[in-house]
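So the structure is just underneath, and the comments pick up after that.
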Amino acid sequence: MKPMTLGRAIAVCKSINSPDPFADVEEKREAIRTILGAATLNSMTKHDLLRVMRWMWEQRFAK
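Numbering (this note's numbering), first residue to last: 439 to 501.
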C-alpha cells in the first residue's frame, strides 16, 4: 500500500462513518495513523476527532 497523503487521511476521517466504497477498514486505520502523525490538525474539528474516537471504540468493543 502506498503512503496515504494527509489530505486523503483527513477526508477519510471526516467521513469515517459513511459507507464509502473506497475506504475499507484498513484504509480507515491507515488514515487514523496518518492523522496521529500529523504536526497540526487545523482541518479537523473536535467533532471530527470525536467521531474517529467513537469509530475506534466501536471497532474494538462492539463485536
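Idealized CB from N, CA, C, for every residue including glycine.
Asked	Found
In the DSSP assignment, find the alpha helix (DSSP H) that holds Ala447 and state where it starts and stops.	Leu444 to Lys452
Short check: CB of Thr472 to CB of Ala447, under 7 angstroms?	yes
Could you give the DSSP three-state label for Lys484: helix, strand or coil?	helix
Using the beta-carbon count (16 or more within 10 Å), is Lys466 buried or exposed?	buried
Can Ala476 and Val450 be called in contact, C-beta distance under 7 angstroms?	no
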